[in-house]
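Residue numbers (our numbering): 1 to 73. For reference, the structure discussed in these notes is given below.
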Amino acid sequence: EETLAKILADLKTNNEKIKQGKQALQQQLIELDELNKQIEETKKQQVMMSTSEKTCIQKLEAKLLGEGSKNSL
């Protein structure tokens with residue numbers, strides 16, 4: 001009976017450790033999900049920035065080309 005009681009106690013301890021491990025994993029999953037959202041947002045911002053940079057460059061090129069044609073006349 002003593003051995004049985006010890007086995008039961010060990011099982012309870014192991015179950016508790018498993019519960020704690022599950023909770024820790026769930027918390028890590030939540031944190032990973034949040035990081036993934038931040039990464040996606042950063043990617044979107046980078047795309048928007050590069051698009052606006054390209055637009056600025058195109059405007060500058062058009063302006064410079066326009067001034068160049070005036071000077072050549």
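Even for Gly, the Cβ is constructed at its ideal location relative to N, Cα and C. Bear in mind the structure is a predicted one, so any value in this text is a computation, not a measurement.
Residue i in three-state terms, based on DSSP
i  : result
E1 : coil
Straight-line gap, residue i to residue j (C-alpha atoms, nearest Å)
i   : j   : result
E16 : L4  : 18 Å
T51 : A62 : 16 Å
C56 : K43 : 20 Å
S69 : Q58 : 16 Å
L22 : E40 : Checking the sequence shown, residue 22 turns out to be Lys, not Leu. If you take the alpha carbons of K22 and E40, they lie about 27 Å apart.
L32 : G66 : 51 Å
N36 : L64 : 42 Å
Same chain, Cβ closer than 6 Å to residue i, neighbours up to 5 away in sequence not counted
i   : result
Q27 : none
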